[in-house]
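Contents: one structure, followed by commentary.
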Amino acid sequence: MADRGMLGVAVQLRRRGLHVVRFNFLYKEKGSRRPDPMPRLKECIAAVAAHARREIAPQTLILGGRSMGGRAASMLAAEGFSCDGLLLLAYPLHPAGRPEELRDAHLAKIEVPVLCLNGTRDTLCRRDLMEAVVDRLRGRWTMHWLEGADHGFHVLKGSGKSDEDVLGEIAEASGIWVSGLRTG
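In the working numbering, the protein residues as written are 569 to 752.
Below you can see the structure in the form of structure tokens.
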């Protein structure tokens, strides 16, 4: 649970009154750098969501994750896993340096509202490609671009913003979006 970005976002969301359940995938807990296969990642998310439903009984259950975790959550939702929305941070639309290999085949199957936040300097999500993908989607997909942020939500020192500013922007956009789900 050492991911600075996820911890910062969780803290900011909690300040706005939202419950957040964070977890590591099993491969991380074992100290491995090699990710588990996608089916195992999706199983892990489903198990954590089931645990949260039992223990917290949230009115609204939003699946989410950063990068590969968000991709796994989106694939689970595309398969019909019951949730009220998806919060995707730094969605990896394509591998670095290979923008022709889009990871978007499942996105049109998502039936719940989605908030996706990516940095404008994210090397795994070219803005023009993501906007073209979003234009084709029929669902309620909200794209929020974080000006000057990279895949880890870091900004350049000369940008006039700090990494903390970016995390605050993520939390603010997420809080507004979640409030809209609860009232809409």
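Positions of the beta carbon are idealized from the N, C-alpha and C atoms, including for glycine. Quick caveat, the model's predicted, so the values are computed rather than measured.
message: Considering only their Cβ atoms, is the gap separating L714 from V682 smaller than 8 Å?
response: Looking up residue 682 in the sequence shown gives position 114. Looking up residue 714 in the sequence shown gives position 146. It is not a contact, given that the beta carbons lie outside the stated cut-off.
message: Alpha carbons only, please: which of A615, M606, L697, P607 is nearest the one belonging to V589?
response: By one-based count along the sequence shown, residue 589 stands at place 21. Each of A615, M606, L697, P607 was checked against the Cα of V589, and the nearest Cα belongs to A615.
query: For F593 versus L581, is the C-beta spacing smaller than 8 Å?
result: Translated into the one-based positions of the sequence shown, residue 593 becomes position 25. Translated into the one-based positions of the sequence shown, residue 581 becomes position 13. The Cβ atoms of F593 and L581 do not sit closer than 8 Å to each other.
- prompt: When you compare only the Cα positions, how much space is there between D672 and D718?
  reply: Counting from 1 along the sequence shown, the entry for residue 672 is found at position 104. Counting from 1 along the sequence shown, the entry for residue 718 is found at position 150. Their backbone Cα atoms lie some 20 Å apart in a straight line.
- prompt: Would you call G632 buried or exposed, if buried means 16 or more other Cβ atoms sit within 10 Å of its Cβ?
  reply: Looking up residue 632 in the sequence shown gives position 64. By the neighbour-count rule (16 or more Cβ atoms within 10 Å), G632 is buried.
task: Might you give, ordered along the chain, the residues of its own chain that have their beta carbon closer than 7 Å to the beta carbon of L724, omitting 5 neighbours on each side?
output: Along the sequence shown, one-based indexing puts residue 724 at 156. Closer than 7 Å at Cβ, skipping near neighbours: G716.
query: Does the distance from the C-beta atom of M574 to that of R639 stay below 8 Å?
result: For the purposes of this step, residue 574 is taken as residue 6 along the sequence shown, with counting starting at 1. For the purposes of this step, residue 639 is taken as residue 71 along the sequence shown, with counting starting at 1. No, they are not a contact pair.
Residues bridged to T710 (per DSSP): Along the sequence shown, read from residue 1 onward, the residue named residue 710 stands at position 142. T710 is bridged to L683.
message: One question on the structure: do T688 and W745 come within less than 8 Å of each other, judged by their Cβ atoms?
response: Within the sequence shown, the letter at position 120 stands for residue 688. Within the sequence shown, the letter at position 177 stands for residue 745. Going by C-beta atoms, T688 is not nearer than 8 Å to W745.
Beta-carbon spacing of P663, L685 below 8 Å: Reading the sequence shown from its first residue, position 95 is the one you call residue 663. Reading the sequence shown from its first residue, position 117 is the one you call residue 685. Not closer than 8 Å, so no.
- prompt: Who are the Cβ neighbours of M643 in its own chain at under 8 Å, not counting the five residues just before and after it?
  reply: Reading the sequence shown from its first residue, position 75 is the one you call residue 643. Within the same chain, and ignoring the five residues on either side of M643 in sequence, the residues whose Cβ sits closer than 8 Å to its Cβ are M606, K610, H674.
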